[in-house]
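First comes the structure, then the notes that go with it.
Residue numbers (this note's numbering): 6 to 171.
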């Protein structure tokens, strides 16, 4: 009878250990269920492109941080590329006689303008933040102009055009 009790105890402990391992495996599967390669932005011709493996399977928070930075820098690069071409054809009032490009920094107005640009950029950077709760995807500020254009197709175009501009 004593050996029966020991056998029962051993079988029960093995069952509990297997049950605990199953629960741990379920937690790992739940955490690892986030797949960066399945997120929007993995498109042709490269597909999912992360050669330095910055994003890990299951690390949604890290992915969101990197995607937020990618969208922000892509939007800035797209605006800068338009500004690069536009400044050749059009200048702000009062700046018509000043040189274009980096040579404007040799003039007092250019240094003041650059300082003002950095000041405004810093204020905007601190004013707009992503949703800290993670309820919305990175870069989603809604549809402020009511154009009904914030959909999967436009998000993919924005990501790819931002990547090209960068």
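Using N, Cα and C, we set each Cβ at its ideal position, and we do this for glycine too.
Where does residue i sit, in a helix, a strand or coil, going by DSSP?
i	result
residue 26	Confidence in residue 26 is poor, its pLDDT being 46 and thus under 50, which makes the residue's placement unreliable; the coordinate value appears in the next sentence. In the structure shown, residue 26 sits in a helix (DSSP, three-state: H, G or I).
residue 38	coil
residue 99	coil
residue 167	helix
residue 105	coil
residue 79	helix
residue 52	strand
residue 156	coil
residue 70	helix
residue 61	coil
residue 131	helix
residue 123	helix
residue 85	helix
residue 91	helix
residue 45	coil
residue 242	The first residue shown for the chain is 6 and the last is 171, placing residue 242 beyond what the model contains.
residue 162	helix
residue 115	helix
Could you check whether residue j and residue i sit closer than 7 angstroms to each other, using their CB atoms as the reference points?
i	j	result
residue 48	residue 161	yes
residue 171	residue 79	yes
residue 60	residue 135	no
residue 39	residue 65	yes
residue 114	residue 97	no
residue 144	residue 76	yes
On the premise that residue j lies in contact with residue i, defined as a C-beta separation below 8 angstroms, what is that separation, rounded to the nearest angstrom?
i	j	result
residue 105	residue 93	6 angstroms
residue 110	residue 119	7 angstroms
Closer than 6 angstroms to a non-hydrogen atom of the ligand MG - does that hold for the CB of residue i?
i	result
residue 137	With respect to small molecules bound, the structure shown includes none, and the ligand MG cannot be examined in it.
Can you tell which of the options has the C-alpha that lies nearest to the C-alpha of residue i?
i	options	result
residue 158	142, 46, 112	46
residue 169	83, 52, 126, 54	83
residue 81	129, 141, 138, 147	129
For this session: Check whether the region 55 to 75 touches the region 151 to 161, counting contact only when three or more Cβ pairs, one atom from each stretch, lie closer than 8 angstroms.
Result: Proximity of the region 55 to 75 to the region 151 to 161 falls short of the contact definition, fewer than three beta-carbon pairs being nearer than 8 angstroms.
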